[in-house]
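Visitor:
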Amino acid sequence: MSARDEKRDGRLLDDGRVLDISTLPTFAFGNRSPMWWGTMGLMAIEGTVFALTIMAYFYLRSHATKWPMSQFPPELIWGNLNTAIMLGSMIPNHYAKQAAERLDLKKTQFWMVVCMLVSIAFLGVRVLEFGALNTRWDSNAYGSVVWMLMALHTTHLITDAFDSGVLTVMTFTGLMEGKRYVDVSENAAYWYFVVLSWLPIYAVVYWGARF
Amino acid sequence: MTVSGDTAQRALATWPDRSGPGLAPGDAYTLEQTWSDPPGIIGWFAAINHKTIAKRFMVTTFIFFLLGGLLALAIRLQLALPNGKVLGPDKYSQVFTMHGSTMMFLFAVPVMQAVATYLVPLMIGARSVAFPRMNAFAYWIFTMGGIMLYVAFFLDIGPDAGWFAYVPLSGPQYSPGKRVDFWAQMITYTELSALMEAIVLITTILKMRAPGMTLNRMPLFVWTILVTNFMVLFAMPAVMLASTALITDRLVGTHFYNPAEGGDALLWQHLFWFFGHPEVYLIFIPPLGFMSSIIATFSRRPVVGYPAMVLSVIATAFLAFGLWVHHMFATNLPELGKTFFTAASLMIAIPTSVQIFCWIATLWTGRINFKTPLLFVLAFFVILLLGGLTGLMLASVSLDYQLHDSYFVVAHLHYVLLGGAVFPLFGAFYYWFPKFTGRMLSERLGRWNFWLFFIGFNVAFFPMHVLGLQGMPRRVYTYPSEMGWDKLNLVATIGALTIALSMLLFIVNVLHSRRRGEIASSDPWGAGTLEWGVSSPPPMANFHVVPVVHGRYPLWQEAGTPRYVTGLANEWREVLITSVADAKVDHRLWLPSSTIWAFLSAVATTILFVGSIFTPWAVVWGAVPVAIAATLWFWPKHDIIERRVESELRP
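Going line by line, the protein sequences match chains A and B. Sequential numbering of the first sequence, starting at 1, is according to my numbering. Sequential numbering of the second sequence, starting at 1001, is according to my numbering.
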């Protein structure tokens, strides 16, 4: 048996009757942190919403004689561009997460700012995407479910951009502490979710209307 | 004044002293101050202590239970005699919709989470729930949603399309006006609250158990809460999506459920029941945990077959997601598909029976202590069994065609929900009331409460089986005398009045005992789980010193070494985080202070939700106050940051 690591296992005092944990760290990253579990819970909920909406899309499609019910499928250009931007955003996101986990304030600040700039880009292109869907939410059931998918995902883009923004501001205000780096790290994990959950939605919205 | 339980026995030196090590009085005082919420009226709204919030949550859900019960009484008075004149058809539709919606969304699911947010930290040896501010926010958002629904009802804009709001009846064409919109928005509130509570409870259970409480030593009640809240994560989104699509169909002209534009009415039923069937188990599984706690204590032995119990609960949760179509047997789905759902519906009886047999074995081999909580638990065996058996009947497609939408189904669902959930819940109130308040409920009133409830329940609902077989449909506001349903309906109403009387006794018991009841010791029933190791009611920090756990019933065992944890701060809200499976110590965490911003965020969210019933633009302008409130909630104070950084130890 290996020796007791005080920083991991605590110290035994008083003939082993008392476990002293004052030597343990006061924050931790990844699945050691409750914040990670909270974020995972959010992802499970929102992933379920996305999955159910996609099921509703195919359910409606299976009952339709013509798909898309509107004349034309969505234009590919803005959807493709935005998919590329979002995938690209995973790079600064990765470095922001890494910098936070190394407690490196300067690099955290830098990569968070880069992430914010990218998020402005994908929010802007998202507006153009809505304009090129070739259907309205009130045209028919096809339009309704396409807009629902897009609106749900856009809500995630907006909220993620907003809370990344709040965190970025905090890194510049001297309000940093260990826990805040954990927040930055979990915020980056959530960003991955927002980007990766876009891929099936992109496939359904843009290609589900073509095949 | 007499003192019951271990204090008296301890005085006679016949009971081992389990109070364990303590803190010096000065330190205990500091700890109490640290975990207390601020005083005053603003402090009241800023409270985030899990016990304070949970008590409010329980009282709020109980008020909704009483309101739902009064509505039920109105229904029964209307149906007591043929051609009744108590309620008109329009009011009747609102009343039965409000009854069902209240009982399902404002009582049965949230009350389980409310009880859990009180008990789980105490049972697992934690000082708080994870995310205490979110816990407070979830409570407030729930309360505001419930109040909104009742305000609408009193203004005669209460929902009237049934608690499952089937389209096309609930769609824009057949339900113009705002009634159904309030229903759909109430769903948004309550599900948002339930989802947040699920995250709070799952994280608490997985990361905040006392050292040594491996998953294999976790109390069965905590297991049921863990499983239930995982189900919430995957079930609740379906109804949120369904009701959002309904409200957009009604308000901005989408066509999800409009067949004329390619929509589909059955899509609603699929989405609703994909949530609605698991929901039955969200209501039913936590009471299985009440059962296991109460049966162990009053049989004075551990529950038989711990692994079988845990696996049964998990199996029930999985199967619960494969049953939703049995609510849709009367639709035009493929017959072959229906047979799968029949099979799944029959199969779910297996894990439930495994648990019932384990409990019977526990009672059989234990030394029974016959107290009120056990009476309520034994009622489960009778009532739930009857409800379960009629459930097996309804799982058969051919029989379901005959009985669908009849009073047979009304009888079935009340046997399942009251027998499976409400009776054990009352048992749980009697059992944990001393822990909540420091006083015992009266046994004598408790027995009256129980027997009136039990007899009244059967008198009210058993005749409904027969009425259903005689062809009486659900949701009719009256019936002519020629149908021959008079007598049984009158009997059912007498039963309902008896239940009302029993509830009155319960309220009298609670109000009286709260002030004048027998003082409860820390462990008045001689139970074995950790919540009984602290005083009644518990200190604000729950545990003066965090215990180290060496078995499933720590209070029934010899103390192992190490016995307890030291090194957590008394001066700030520090908790111990442990590993998921083995509960090994991992790190310490400084939890946030009390804040009014959780409450104010709930107010801002309410403005958004209610506004969006009247204009879709509320989603845009309403988001601004929500964003501001949520940011201020999150924004830390400089002095706290400085203290934190000072006390920090890096991983």
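Beta carbons are placed, not taken as given, at the ideal position from N, Cα and C, and that holds for glycine.
(1) On the DSSP letters alone, give me the boundaries of the alpha helix (DSSP H) that A/D183 sits inside.
(2) Let's see if you can read the secondary structure: which residues bound the beta strand (DSSP E) around B/Y1564?
(3) Kindly say whether A/A44, judged by its beta-carbon, lies nearer than 7 Å to any beta-carbon of chain B.
(4) Assign B/E1574 to one of three DSSP states: helix, strand, or coil.
(5) Cutting at 7 Å between CB atoms, please list the residues of its own chain near B/T1437, excluding the five before and the five after it.
(6) Short of 7 Å in beta carbon distance, which residues of its chain neighbour A/G165, apart from the five on each side in sequence? Order them along the chain.
(7) Could you name the residues of chain B that A/P25 contacts, counting a contact when the two beta carbons are closer than 7 Å?
(8) Give me whichever residues DSSP pairs with B/H1587 in a beta bridge.
(9) Assuming A/V118 and A/S89 are in contact, meaning their beta carbons sit under 8 Å apart, how far apart are those beta carbons, in whole angstroms?
(10) Distance cutoff 7 Å, beta carbons only. Does A/R17 sit that close to anything in chain E?
(11) Between B/A1308, B/S1243, B/T1228, which has its C-alpha nearest B/Y1281's C-alpha?
(12) Would you mind working out which of B/I1187, B/K1091, B/A1194 sits nearest B/Q1154, comparing C-alpha positions?
(13) Going along the chain, which residues of its own chain have a beta-carbon closer than 6 Å to the beta-carbon of A/P229, five neighbours each way excluded?
(14) If I measure Cβ to Cβ from A/T23 and keep anything under 8 Å in the same chain, skipping five residues before and after, which residues do I get?
(15) Given that a residue counts as buried once 16 or more other Cβ atoms are within 10 Å of its Cβ, and exposed if not, what is B/H1638?
(16) Please confirm whether B/T1493 and B/G1456 have their CB atoms less than 7 Å apart.
(17) B/Y1207 versus chain A: which residues are under 7 Å apart at the beta carbon?
(18) For a contact meaning CB atoms closer than 7 Å, what does A/S164 contact in chain B?
(19) Report buried or exposed for A/K66, applying the criterion of at least 16 other Cβ atoms within 10 angstroms of its Cβ.
(20) Quick check on B/R1573 - is its C-beta less than 7 Å from some C-beta in chain A?
(21) Which value, in whole angstroms, describes the spacing of the CA atoms of B/W1485 and B/Y1257?
(22) What's the gap between the Cα of A/S33 and the Cα of A/F172?
(23) Excluding the 5 residues flanking A/M86 on each side, which residues of the same chain have their C-beta closer than 6 Å to its C-beta?
(24) If you measure beta-carbon to beta-carbon, which residues of the segment 118 to 133 of chain A are closer than 7 Å to chain B?
(25) Can you tell me which of the three DSSP states B/L1441 falls into?
(26) Quick check: the Cα distance between B/Y1415 and B/S1612, rounded to an integer number of angstroms?
(27) Which of helix, strand or coil does DSSP assign to A/R11?
(28) Cutting at 6 Å between CB atoms, please list the residues of its own chain near B/V1410, excluding the five before and the five after it.
(29) Counting C-beta neighbours from all protein chains within 10 Å, is the total for B/G1005 16 or more, i.e. buried, or is it exposed?
(30) Which residues, taken in chain order from the segment 1537 to 1557 of chain B, show a beta carbon closer than 7 Å to some beta carbon of chain A?
(31) Say whether chain A places a C-beta atom closer than 7 Å to the C-beta of B/P1089.
(32) What residues in its chain sit with their C-beta under 6 Å from that of B/D1027, if we drop five residues either side in the sequence?
(33) What residues from chain A crowd round B/E1197, counting only those whose CB sits closer than 9 Å?
(34) Can you name the residues of chain A whose CB is closer than 7 Å to the CB of B/I1187?
(35) Against chain B, which members of the segment 142 to 153 of chain A pass a CB distance test of less than 8 Å?
(36) Straight-line CA distance for A/V204 to A/M43?
Guide: Checking against the coordinates, here is how it stands:
(1) 178 to 202
(2) 1564 to 1566
(3) yes
(4) strand
(5) R1514, P1537
(6) M116
(7) H1587, L1649, R1650, P1651
(8) B/I1577
(9) 4 Å
(10) Here chain E cannot be found, since the structure's protein chains are A and B.
(11) B/T1228
(12) Sequence inspection shows Phe at residue 1154 of chain B; the Gln mentioned does not correspond to that position. Cα-wise, what sits closest to B/F1154 is B/K1091.
(13) Any question about residue 229 of chain A goes unanswered here, given that chain A covers just 1 to 211.
(14) E6, K7, G10, R11
(15) exposed
(16) no
(17) Here the sequence assigns Lys to residue 1207 of chain B, which means Tyr is not the residue at that position. In chain order: P34, W37.
(18) Residues of chain B passing the Cβ test: none, with the nearest at roughly 12 Å.
(19) exposed
(20) no
(21) 37 Å
(22) 24 Å
(23) F122, V195, W198
(24) none
(25) coil
(26) 38 Å
(27) strand
(28) M1464, R1474
(29) Any reading at B/G1005 is ruled out, since the residue's pLDDT is 42, under 50, leaving its predicted position unreliable.
(30) V1548
(31) no
(32) N1570
(33) Residues of chain A passing the Cβ test: none, with the nearest at roughly 11 Å.
(34) Correct list: empty, because the minimum Cβ distance to chain A is about 14 Å.
(35) Y142, G143, S144, V145, W147, M148
(36) 20 Å
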